[in-house]
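A quick write-up on the structure given underneath.
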Amino acid sequence: MNSSAPVRVRFAPSPTGWLHVGGVRTALFNFLYAKKLGGKFLVRIEDTDTERSEKQYTDDILASLKWLGMNHDEPLMYQSDRGALYQQIADDLISKGLAYRCYCTAEEVEATREQMMKEGKKPMYARTCRELNHSASGSPEGRKSFAIRAKFPLHGTTSFTDMIRGEISFPNEDLDDFVMIRSNGVPTYNFVVVVDDLAMQISHVIRGDDHINNTPKQIYLYEAMNASKPLFAHLPMILGEDKKKLSKRNGETSTNAYRKEGYLPEALLNFLVRLGWSHGDQELFSIEEMIQYFDFEHVQVTGAVFNPEKLLWINGEHLKKTDSERLLTILKEDFAFNHPEVSSVYVCTLIDHLKQKVKLIKELPDQLNSLCVAGAPEVNGADLKWNKVPEQKAKIKEAIQALSNECSGIVAKNSKTTLQECGIGHTEIDTKLREICTQFGLKLGEFTQPMRLYVTGQPNSNIGLFDLLPIMPWNTVKIRIDACLKS
Ligand code: GLU
Ligand code: ZN
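In C-alpha cells form, the structure reads like this:
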C-alpha cells in the first residue's frame, strides 16, 4: 500500500454475540488511528455465517458503537448482501488457475487429517483435487458438490511487516489450500475479508492477534487478485486477571453490561485504550487526547490484563468532570430516573455534589431519590446519639426548632422557594448553625447529626448538610425537620 494513500480503516465484527469489550478495543484503535490521520473509519458486518449470525447482535453492536461515539464515516457494509460477487470472484480465480474445486467430502478430509496426525504430521488437506480441474477430467465419480479452495503456493515463504510486531514469516508448506467457498455455498472469512477490504479500499487492517495466522492466506489472495496489500497491525489479546483470554468466565465482556452498570462511554474507552498502549505514565485521557497521542510505536506485543478495579477508578474520575446536565439525561434515559416534582436545576446541583463521590452512574438514583421526593423519607434513628444519651435530646430539639423558625421566616418574607434564593448559601448557613449551637450550649455535631439523617434521608449522605439546606425546597426541608422534631 502506498504510504501516502488516505487512511481507511475498518471494524469488522461478526454478529454472533453481544459486542465484546475486546472488540471495542479493536474498534477504538482503528477509530483513533483514522481520526488522528484525518482518515475514514468504516464498519462492516461480517454476517456470512448465517447459522450463527443474528439480527439482535447486529443491533447491539451498532447501538454500542453509537453509544461509544464511534460513528462510521461511510455507509455500513453487510457481507450477506454480497454473495453473488464472492462467487464471481472465486470463479474468476478458478479460471486463472489460482483456486480450484475440491470434491472431497467432509468425512474424507477428516479421515486424511486423522491419518496424518497418527503419523505425527501436521494435519492438513491432502491437496487431492489440486490438479483435477486441469486434467479436464471434471468431477470424480460424477460428484456434484464441491468446495472452492485456494491454490496456495507449495514452497517459499509468505511474509509481511506488522506495524506492531515487525517482520512475520510463514513457510508456505505449513499452510493449507484453505477453503474459500464451502460446499454449501457459504464463503469463508479469509476469502471475503480480502474481497471486502479491497472493495472498501482499506489501507490498514488493525485487528486482534488471533488473526495473525490468517494473514498469509489473505496475502495470497491479494496477490492472486493482483491487488496491493494493506498494512497490518495485530493487537495484543486482552486477558482476564487469571491471564487467560478475557471471556465470560473470567470477566464481564458485553459492552452493554457496562452501560447498564453506569459506566461512561469515554471512561470505558479510556480504560480500553490503555490495554496494550501507553503514553508515558498518563492514565486519564479525554477522547481528544487519545486521538492526539495514539500511535503504533507504543502498542505492546504481549497481552494486556483487564483490571475491573482500574476501570471503576477511571469511571469515577471521568464522572467528576462530567457535566451534570448530561448525567441527568443519562439518568432519565438509561436509569428510569423521573422526578418531575423537583426542578432540573435542583437535581443538577445535587449531582454536582454527588458525582464527586460515586464511581458508577447507577449509584446516583438511590442517593437522589431520597433528596427529591416531597415529604419525609422513612429513616431509622436508632443509631442517633440522642437516643443513646437522651438527656440532651430536648435541648437539641429546641435548637433545631429555633433554626427552623428563623429560616421559615426568611423564606416567607422573601416569598422564595429556597434559602439560597434568599441569599443564604453554604457559608451563611454554616454561620447560622454555629450561632445557634453557641446560644444553646451545644456542639455542632450533636445538632447536625439528627438533622442530617432526617433531611437527607440517609445515614451517610454524599452531600453535606450545609450544601443541601440552602438548595432543597424549603417546604421539603421543613417537613423533614418536623419529622425529626416529632421523633
Ligand atoms: N469478523 C472478524 C472478527 O470478528 C474480523 C477480523 C478482521 O478484522 O479481519 O474477528
Ligand atoms: Zn478435494
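Once you know that position 135 of the sequence shown is 209 in this note's numbering, the rest is easy, because the numbers rise by one and skip nothing.
Idealized CB from N, CA, C, for every residue including glycine.
* In the DSSP assignment, what residue or residues form a beta bridge with Pro245? -> Along the sequence shown, read from residue 1 onward, the residue named residue 245 stands at position 171. DSSP links Pro245 through a beta bridge to Thr231.
* Beta-carbon gap between Tyr367 and His353 smaller than 7 Å -> Residue 367 sits at position 293 when you count from the first residue of the sequence shown. Residue 353 sits at position 279 when you count from the first residue of the sequence shown. A contact, by the Cβ cut-off of 7 Å.
* At least three beta-carbon pairs within less than 8 Å, the region 252 to 262 to the region 154 to 165 -> At 8 Å Cβ cutoff, the stretches touch.
* **C-alpha distance - Leu102 paired with Thr329, whole-angstrom precision** => Locating residue 102 in the sequence shown gives position 28, counting from the first residue. Locating residue 329 in the sequence shown gives position 255, counting from the first residue. Looking at the two C-alpha atoms, the distance is approximately 13 Å.
* Going by the beta-carbon positions, is the gap between Gly350 and Pro414 smaller than 7 Å? -> Translated into positions along the sequence shown, residue 350 becomes position 276. Translated into positions along the sequence shown, residue 414 becomes position 340. Not in contact: Gly350 and Pro414 (Cβ atoms no closer than 7 Å).
* Give a yes or no on whether the C-beta atoms belonging to His285 and Pro304 are separated by under 7 Å. => The sequence position of residue 285 within the sequence shown is 211, counting from 1. The sequence position of residue 304 within the sequence shown is 230, counting from 1. Contact: no.
* **Residue closest to Glu520, alpha-carbon to alpha-carbon, out of Ser482, Ser219, Lys471** => Within the sequence shown, the letter at position 446 stands for residue 520. In this structure, Lys471 is the residue among Ser482, Ser219, Lys471 with its C-alpha nearest to the C-alpha of Glu520.
* Asked: How do the region 498 to 518 and the region 540 to 547 stand: do at least 3 beta-carbon pairs fall below 8 Å, yes or no?
  -> Short answer: they touch.
* To do: With distances taken Cα to Cα, identify the nearest neighbour of Ser417 among Thr492, Phe409, Ala221, Phe306.
  => The residue given as residue 417 occupies position 343 in the sequence shown. Measuring C-alpha to C-alpha distances from Ser417 to each of Thr492, Phe409, Ala221, Phe306 identifies Thr492 as the nearest.
* Asked: What does DSSP give as the partner residues of Ser328 in its beta bridges?
  -> As a working note, residue 328 is residue 254 in the sequence shown. DSSP output for Ser328 lists His94 as bridge partner(s).
* So Thr235 and Pro245 are in contact, right, with Cβ under 8 Å, and what is the actual spacing, rounded? -> Numbered from 1 along the sequence shown, position 161 holds the residue referred to as residue 235. Numbered from 1 along the sequence shown, position 171 holds the residue referred to as residue 245. About 17 Å; that fails the 8 Å criterion.
* Contact between the region 356 to 365 and the region 316 to 333: three or more CB pairs below 8 Å? -> Taking a contact to require three or more Cβ pairs closer than 8 Å, the region 356 to 365 and the region 316 to 333 do not qualify as touching.
* To do: Would you tell me roughly how many angstroms separate the C-alpha atoms of Cys496 and Asn389, rounded to the nearest one?
  => Walking along the sequence shown from the start, residue 496 turns up at place 422. Walking along the sequence shown from the start, residue 389 turns up at place 315. One Cα belongs to Cys496, the other to Asn389, and the distance between them is close to 36 Å.
* Residues with C-beta closer than 5 Å to any heavy atom of ligand 2, in chain order -> This selection yields Cys176, Cys178, Thr202, Cys203.
* Measure from the alpha carbon of Ala331 to the alpha carbon of each residue in Ser138, Ser535, Lys109, then state which is nearest. => Your numbering for residue 331 matches position 257 in the sequence shown. Comparing Cα positions, the closest option is Ser138.
* To do: Check whether the Cβ atoms of Ser478 and Ile555 sit closer than 7 Å, and answer yes or no.
  => For the purposes of this step, residue 478 is taken as residue 404 along the sequence shown, with counting starting at 1. For the purposes of this step, residue 555 is taken as residue 481 along the sequence shown, with counting starting at 1. Against a cut-off of 7 Å, the Cβ pair of Ile555 and Ser478 comes out as a contact.
* To do: Specify whether the region 262 to 280 and the region 77 to 87 touch according to this definition: at least 3 beta carbon pairs, one from each stretch, less than 8 Å apart.
  => Taking one beta carbon from each stretch, the region 262 to 280 and the region 77 to 87 have 3 or more pairs nearer than 8 Å; the two touch.
* Within the present structure, is the beta-carbon of Pro310 separated from the nearest heavy atom of ligand 1 by less than 6 Å? -> Residue mapping note: residue 310 aligns to position 236 of the sequence shown, counting from 1. For ligand 1, not one heavy atom lies less than 6 Å from the Cβ of Pro310.
* Asked: Taking the continuous beta strand (DSSP E) assigned at Ala224, which residues delimit it?
  -> The sequence position of residue 224 within the sequence shown is 150, counting from 1. Counting along the chain, the unbroken beta strand (DSSP E) around Ala224 starts and ends at 221 to 224.
* To do: Can you have a look at Pro214 and say buried or exposed, based on whether 16 or more other CB atoms are within 10 angstroms of its CB?
  => In the sequence shown, counting from the first residue as 1, residue 214 sits at position 140. Around the beta carbon of Pro214, fewer than 16 other beta carbons sit within 10 angstroms, so the residue counts as exposed.
* To do: Confirm the yes/no value for this check: CB of Pro87, any heavy atom of ligand 1, distance under 6 Å.
  => In the sequence shown, counting from the first residue as 1, residue 87 sits at position 13. True, at least one ligand heavy atom lies under 6 Å from that Cβ.
* Compare the Cα-Cα distances from Asn264 to each of Gln153, Ile425, Leu142, Glu371 and report the closest residue. => Locating residue 264 in the sequence shown gives position 190, counting from the first residue. The candidate whose alpha carbon is nearest that of Asn264 is Gln153.
* Asked: Considering only C-alpha positions, which residue in the set Thr179, Trp460, Ile545 is nearest to Val485?
  -> Here residue 485 is taken as the residue at index 411 of the sequence shown, counted from 1. Closest by alpha carbon: Ile545.
* Are Asp155 and Lys114 close, meaning C-beta to C-beta below 7 Å? -> Taking the sequence shown and counting its residues from 1, the one referred to as residue 155 is at position 81. Taking the sequence shown and counting its residues from 1, the one referred to as residue 114 is at position 40. It is not a contact, given that the beta carbons lie outside the stated cut-off.
* To do: Report yes or no: do three or more beta-carbon pairs, one from the region 399 to 410 and one from the region 418 to 429, lie closer than 8 Å?
  => Contact holds: three or more Cβ-Cβ distances are below 8 Å.
* To do: Inspect the beta-carbon positions of Ala450 and Ala557 and report whether they are closer than 7 Å.
  => For the purposes of this step, residue 450 is taken as the residue at position 376 of the sequence shown. For the purposes of this step, residue 557 is taken as the residue at position 483 of the sequence shown. Yes. Within cutoff.
* **Burial state of Val117 (16 or more Cβ within 10 Å)** => Taking the first residue of the sequence shown as 1, we reach residue 117 at position 43. Buried.
* To do: Take Thr100 and list the residues in its own chain whose beta-carbon comes closer than 8 Å to its own, dropping the five residues that flank it on each side.
  => The residue you call residue 100 lines up with position 26 of the sequence shown. Hits under 8 Å: Phe85, Ile280, Arg281, Gly282, Leu309.
* Val453 vs Gly325 beta-carbon contact at 7 Å -> Taking the first residue of the sequence shown as position 1, residue 453 is located at position 379. Taking the first residue of the sequence shown as position 1, residue 325 is located at position 251. It is not a contact, given that the beta carbons lie outside the stated cut-off.
* Leaving aside the five residues before and after Trp460 along the sequence, list all residues of the same chain whose C-beta is less than 7 Å from its C-beta, in chain order. => The sequence position of residue 460 within the sequence shown is 386, counting from 1. Gln466, Lys467, Ile470, Pro524, listed in sequence order.
* **First through last residue of the alpha helix (DSSP H) which encompasses Gly519** => Reading the sequence shown from its first residue, position 445 is the one you call residue 519. Judged by DSSP secondary structure, Gly519 falls within the alpha helix (DSSP H) whose first and last residues are 518 to 530.
* To do: Excluding the 5 residues preceding and the 5 following Ile242 in the sequence, name in chain order all residues of the same chain whose CB lies nearer than 7 Å to its CB.
  => On the sequence shown, position 168 is the one that residue 242 refers to. These residues qualify, in order along the chain: Ser233, Phe234, Asp236, Ile286.
* Could you tell me whether any non-hydrogen atom of ligand 1 is closer than 6 Å to the CB of Glu120? => Indexing the sequence shown from 1 puts residue 120 at position 46. Taken from the Cβ of Glu120, at least one heavy atom of ligand 1 lies inside 6 Å.
* Candidates Tyr420, Ala456, Phe411, of which the one nearest Lys436 by Cα -> By one-based count along the sequence shown, residue 436 stands at place 362. Closest by C-alpha distance to Lys436, out of Tyr420, Ala456, Phe411, is Phe411.
* To do: Rounded to whole angstroms, what's the CA-CA distance from Ile386 to Lys394? Just pull it up for me.
  => Translated into positions along the sequence shown, residue 386 becomes position 312. Translated into positions along the sequence shown, residue 394 becomes position 320. As written in the sequence, residue 386 is Leu, which differs from the Ile given in the question. Those two C-alpha atoms are separated by around 13 Å.
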